[in-house]
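**Student:** Sequence lines, in order, name chains A and B.
Counting from 1, one number per residue, gives the positions in the first sequence under my numbering.
Counting from 1, one number per residue, gives the positions in the second sequence under my numbering.
My structure is below; once you've seen it, I'll send some questions.
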Amino acid sequence: MEKTEFSKLSADSIEKIKALLDVFPQRRSVVLPVLHIVYEQFGYLDKEAIAEAARICDVAKVHFEEAADFYTMFPLKPVGKYLIQVCRNISCSLLGSEELVDYLKSKLGIDVGETTPDGLFTLVVVECLGSCGTAPVAQINDKYYENLTRAKVDSILSELREKA
Amino acid sequence: MSFQPFLLRPIEDDDRLDVYLKHGGYAALRKALKQFTPESLTEEVINSGLRGRGGAGFPTGRKWSFIPKNSGKPVYLCVNADESEPGTFKDRELMLKHPHLVIEGTIISAYAIKCNHAFIYIRGEFAEEARRLQKAIAEAQAHGFLGNDILGSGFNLKITIYRGGGAYICGEETSLMTSLEGGPGYPRVKPPFPAVSGLYGCPTIINNVETLSNIPAIVNNGSEWFKSIGTPRSPGSKIFCVSGHVVRPGNYELPMGITLRELLYEHAGGISNDRNLKAVIPGGSSVPILTADKIDVHMDFESLAEAGSMLGSAGVIVIDDATCIVRAAYIISRFYQHESCGQCTPCRQGTLWMDRILHRIEHGRGRPEDLDLLLDICDNIEGNTICPLGDAAVPSVRTSIKLFRDEYEYHIKHKKCLVETVARFS
Numbered sequence: 001m002e003k004t005e006f007s008k009l010s011a012d013s014i015e016k017i018k019a020l021l022d023v024f025p026q027r028r029s030v031v032l033p034v035l036h037i038v039y040e041q042f043g044y045l046d047k048e049a050i051a052e053a054a055r056i057c058d059v060a061k062v063h064f065e066e067a068a069d070f071y072t073m074f075p076l077k078p079v080g081k082y083l084i085q086v087c088r089n090i091s092c093s094l095l096g097s098e099e100l101v102d103y104l105k106s107k108l109g110i111d112v113g114e115t116t117p118d119g120l121f122t123l124v125v126v127e128c129l130g131s132c133g134t135a136p137v138a139q140i141n142d143k144y145y146e147n148l149t150r151a152k153v154d155s156i157l158s159e160l161r162e163k164a
Numbered sequence: 001m002s003f004q005p006f007l008l009r010p011i012e013d014d015d016r017l018d019v020y021l022k023h024g025g026y027a028a029l030r031k032a033l034k035q036f037t038p039e040s041l042t043e044e045v046i047n048s049g050l051r052g053r054g055g056a057g058f059p060t061g062r063k064w065s066f067i068p069k070n071s072g073k074p075v076y077l078c079v080n081a082d083e084s085e086p087g088t089f090k091d092r093e094l095m096l097k098h099p100h101l102v103i104e105g106t107i108i109s110a111y112a113i114k115c116n117h118a119f120i121y122i123r124g125e126f127a128e129e130a131r132r133l134q135k136a137i138a139e140a141q142a143h144g145f146l147g148n149d150i151l152g153s154g155f156n157l158k159i160t161i162y163r164g165g166g167a168y169i170c171g172e173e174t175s176l177m178t179s180l181e182g183g184p185g186y187p188r189v190k191p192p193f194p195a196v197s198g199l200y201g202c203p204t205i206i207n208n209v210e211t212l213s214n215i216p217a218i219v220n221n222g223s224e225w226f227k228s229i230g231t232p233r234s235p236g237s238k239i240f241c242v243s244g245h246v247v248r249p250g251n252y253e254l255p256m257g258i259t260l261r262e263l264l265y266e267h268a269g270g271i272s273n274d275r276n277l278k279a280v281i282p283g284g285s286s287v288p289i290l291t292a293d294k295i296d297v298h299m300d301f302e303s304l305a306e307a308g309s310m311l312g313s314a315g316v317i318v319i320d321d322a323t324c325i326v327r328a329a330y331i332i333s334r335f336y337q338h339e340s341c342g343q344c345t346p347c348r349q350g351t352l353w354m355d356r357i358l359h360r361i362e363h364g365r366g367r368p369e370d371l372d373l374l375l376d377i378c379d380n381i382e383g384n385t386i387c388p389l390g391d392a393a394v395p396s397v398r399t400s401i402k403l404f405r406d407e408y409e410y411h412i413k414h415k416k417c418l419v420e421t422v423a424r425f426s
């Protein structure tokens, strides 16, 4: 399937999806890699893009939808340019992750699950990120920010604002 | 002579192939292909006594030997890089700093089980780790360590990285395979065991990242050398992940069997902010809690079991005396409730009820009968589920009540913590 003017997937995404087609002994294994590609392009799982990817792969759309529902790391709706995911599990909590969340809430003026009015930041809490030795930890888009303090949060937020 | 780490080797830039090669990298692969048959290599790993580092501690070589001979089906190797057990962060460091060690271990292990297509199932959040592995794979391929006719041996191998989607359950081996096949990660009933019928219905071995990273050293130095480290039944080194209230949290690769006291006080610098130790969860959030008076225990599979806990993934979570144990248990049980796949009723409902009851105790709405109710729920989850997630949700709740019942009773009666908690975020 060639890219048409109605395509929501970028040419780059389509190319990446096509490159997956012969990688696995069974075609359905493309499901999670495709969700990653769609998430990378959109920042969330765009439904029309998934339907389009399903057609390219010749795998039933329902398999992608089922996976999108099961796996929690992909937002199902658009989020801010920067998705801030704060770990709330035991090791981070022992080192103040609740206070870190409160600090982010006050700095950004939003609650957990909300996006700043300028569309820059979305704040969520997540379970263990596997970086307990450098707690408290947050993941912003695909990058880990470790050993967080108030001063570090301040500089990260201003750096991201500048980059935006 | 003091112990020299051979997994987390103190080598700068070991993620670079030239550095890895300079320090003997891929010599083990050369040796394995030249001097061993798959059968003799499996025998060597059996003799080494290496046990799985993901949590269960099953003997690695024996696992390999369960693959049926001449099934006529392809054999698959899945490297479990889904590191998600709270308190555990060792595989992440191996993949970031020593990706070629992981890849070399994978190639040698694939040779031993006659596998031509290996998968590294890595948790979705580990984006940088996946990039490092991908780069290492490309470099290994370019140097003839991967691909067709590896180093002229006639052995072919392709390694595919598969990124997960943020589900703790996918670290469970049957769930990992279901996920890799493109489905939601629901665990499967065993038997059939993966070695007989696993990925795509074919014989499959699932090994943890740290487990496979031990293989090059075993090939290079021999099984006798490996057995000279650690304890007779838990040979080798172990990467202990120390987190929580210590001066120097981090990964420490040390011989199996060192004491928890030595790990905490000599390596991790002792308890932070001059507070006192209250409790330790020594093997990730899924294992029973130990009180401070138990830290002379040796850190190996047998000794921790005798002490009433488990080595698990060796995620050592350190808790000081300014911590409310009720809150700690609530946070851990909230996690299992969140990660239960919902397939088995005892786990789905049990973790939900535990989370709700602990939430109400923590928030001053607990009832005196709640403690026995929680223990009753523990009994009804344990052993009644397809996979170990249900069992994993039980120990923290059960032992926190058994060991710190006074804190729970105080919480229920006075609607606040018995201990004076402190601010932690600076």
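No residue lacks a Cβ here, since even glycine has one placed at the ideal position from N, Cα and C.
Please state the DSSP three-state secondary structure of residue 157(B).
**Tutor:** Residue 157(B): strand per DSSP, three-state reduction.
**Student:** Compare the C-beta of residue 241(B) against all C-beta atoms of chain A and say whether one is closer than 8 Å.
**Tutor:** Closer than 8 Å: yes.
**Student:** Below 8 Å, how does it come out for the segment 42-54 of chain B and the segment 220-227 of chain B: are there three or more Cβ pairs, yes or no?
**Tutor:** Yes: at least three Cβ pairs fall under 8 Å.
**Student:** Whose C-alpha, out of 195(B), 179(B), 156(B), 91(B), is nearest the C-alpha of residue 167(B)?
**Tutor:** Selected option, being the one with the closest Cα: 179(B).
**Student:** From this set, 352(B), 310(B), 251(B), which residue's C-alpha is nearest residue 280(B)'s C-alpha?
**Tutor:** Ranking 352(B), 310(B), 251(B) by Cα distance to residue 280(B) puts 310(B) first.
**Student:** Give the straight-line distance between the Cα atoms of residue 58(B) and residue 312(B), rounded to the nearest whole angstrom.
**Tutor:** Computed Cα separation, rounded: 11 Å.
**Student:** Which bits of chain A does residue 123(B) rub up against, with CB to CB less than 7 Å?
**Tutor:** Those within 7 Å of residue 123(B) in chain A are 130.
**Student:** With 8 Å as the limit, tell me which residues of the segment 96-127 of chain B have their beta carbon closer than that to any beta carbon of chain A; keep them in chain order.
**Tutor:** Listed by position along the chain: 117, 123, 124, 125, 126, 127.
**Student:** So with CB distances below 8 Å, who are the chain B contacts of residue 7(A)?
**Tutor:** What residue 7(A) touches in chain B: nothing, since even the nearest Cβ is about 23 Å away.
**Student:** Rounded to whole angstroms, what's the CA-CA distance from residue 109(B) to residue 3(B)? Just pull it up for me.
**Tutor:** About 25 Å.
**Student:** Given a cut-off of 8 Å on the beta-carbon distance, is the pair residue 83(A) and residue 136(A) in contact?
**Tutor:** Cβ atoms of residue 83(A) and residue 136(A): not closer than 8 Å.
**Student:** Exposed or buried, what is residue 133(A) when buried is set at 16 or more other beta-carbons lying within 10 Å of its beta-carbon?
**Tutor:** Counting Cβ neighbours within 10 Å, residue 133(A) comes out buried, since at least 16 surround it.
**Student:** Closer than 8 Å is the cut-off here; do at least three beta carbon pairs connect the segment 352-369 of chain B with the segment 248-267 of chain B?
**Tutor:** No, because fewer than three Cβ pairs between the segment 352-369 of chain B and the segment 248-267 of chain B fall closer than 8 Å, the two stretches do not touch.
**Student:** Under the criterion of a Cβ to heavy atom distance below 7 Å, does residue 34(A) qualify as lining the ligand FAD?
**Tutor:** The ligand FAD is absent from the structure shown, which contains no ligands of any kind.
**Student:** Between the segment 368-382 of chain B and chain A, which residues of the former have CB atoms less than 8 Å from a CB of the latter, in chain order?
**Tutor:** Within the segment 368-382 of chain B, no residue qualifies.
**Student:** Do the CB positions of residue 318(B) and residue 407(B) come within less than 8 Å of each other?
**Tutor:** No, the pair does not count as a contact, with Cβ atoms beyond the cut-off.
**Student:** Mapping the DSSP letters down to three states, classify residue 20(B) as helix, strand or coil.
**Tutor:** Three-state result, residue 20(B): helix.
**Student:** Which partner residues does residue 211(B) have in the DSSP bridge list?
**Tutor:** According to DSSP, residue 211(B) bridges with nothing at all.
**Student:** Residues in its own chain within less than 7 Å of residue 149(A) by CB, not counting five upstream and five downstream?
**Tutor:** Counting only Cβ-Cβ distances below 7 Å, and skipping sequence neighbours, we find nothing.
**Student:** Please state if the CB of residue 103(B) and the CB of residue 136(B) are separated by a distance shorter than 8 Å.
**Tutor:** In this structure, residue 103(B) lies closer than 8 Å to residue 136(B) by Cβ.
**Student:** Could you please tell me which residues of the segment 176-202 of chain B, in chain order, have their CB closer than 9 Å to any CB of chain A?
**Tutor:** Of all residues in the segment 176-202 of chain B, 179, 180, 181, 182, 183, 184, 185, 186, 199, 200, 202 have a Cβ within less than 9 Å of some Cβ in chain A.
**Student:** Would you decide whether residue 125(B) is buried or exposed? Buried here means 16 or more other CB atoms lie within 10 Å of its CB.
**Tutor:** With 16 or more other Cβ atoms within 10 Å, it is buried.
**Student:** Would you say residue 160(B) lies against chain A (beta-carbon separation less than 8 Å)?
**Tutor:** It does; some Cβ of chain A falls within 8 Å.
**Student:** Pop quiz: residue 243(B) and residue 253(B) are said to be a contact at Cβ under 8 Å. What is the actual Cβ separation, rounded to whole angstroms?
**Tutor:** That pair is no contact at about 16 Å.
**Student:** Between the segment 29-56 of chain A and chain B, which residues of the former have CB atoms less than 8 Å from a CB of the latter, in chain order?
**Tutor:** Those would be 29, 30, 31, 32, 33, 35, 36, in chain order.
**Student:** Candidates 74(B), 170(B), 90(B), 63(B): which alpha carbon is nearest residue 283(B)'s?
**Tutor:** Out of 74(B), 170(B), 90(B), 63(B), 90(B) has the C-alpha closest to the C-alpha of residue 283(B).
**Student:** Applying the 10 Å Cβ sphere with the 16-neighbour rule, what's the burial state of residue 187(B)?
**Tutor:** Buried is the call here.
**Student:** Whose CA, out of 22(B), 81(B), 111(B), lies closest to the CA of residue 55(B)?
**Tutor:** Nearest option by C-alpha distance: 81(B).
**Student:** Let me know the secondary structure DSSP gives residue 35(B) once reduced to three states.
**Tutor:** Helix at residue 35(B).
**Student:** Which whole-angstrom value describes the C-beta separation of residue 62(A) and residue 30(A), a residue pair presumed to lie in contact below a C-beta threshold of 8 Å?
**Tutor:** Not a contact, Cβ separation roughly 14 Å.
**Student:** Could you tell me the boundaries of the alpha helix (DSSP H) in which residue 101(B) lies?
**Tutor:** Here the alpha helix (DSSP H) through residue 101(B) covers 99-112.
**Student:** In chain order, which beta strand (DSSP E) runs of at least 3 residues are fully inside the segment 184-257 of chain B?
**Tutor:** Listed in chain order, the complete beta strand (DSSP E) runs (minimum 3 residues) inside the segment 184-257 of chain B are 204-208, 237-244, 250-255.
**Student:** Name the residues in the segment 106-136 of chain A whose C-beta lies less than 9 Å from a C-beta of chain B; which are they?
**Tutor:** Under the 9 Å Cβ criterion, the segment 106-136 of chain A contributes 126, 127, 128, 129, 130, 131, 132, 133, 134, 135, 136.
**Student:** In terms of residue numbering, what span does the beta strand (DSSP E) encompassing residue 139(A) cover?
**Tutor:** Segment 138-140, the beta strand (DSSP E) holding residue 139(A).
**Student:** Taking the beta carbon of residue 278(B) as the centre, do at least 16 other beta carbons fall within 10 Å, making it buried, or is it exposed?
**Tutor:** It is buried - the Cβ of residue 278(B) has at least 16 other Cβ atoms within 10 Å.
**Student:** Which residues in the same chain as residue 170(B) place their Cβ atom closer than 6 Å to its Cβ, once the five residues preceding and following it in sequence are excluded?
**Tutor:** Excluding positions up to five away in sequence, the list reads 82, 164, 176, 179, 185.
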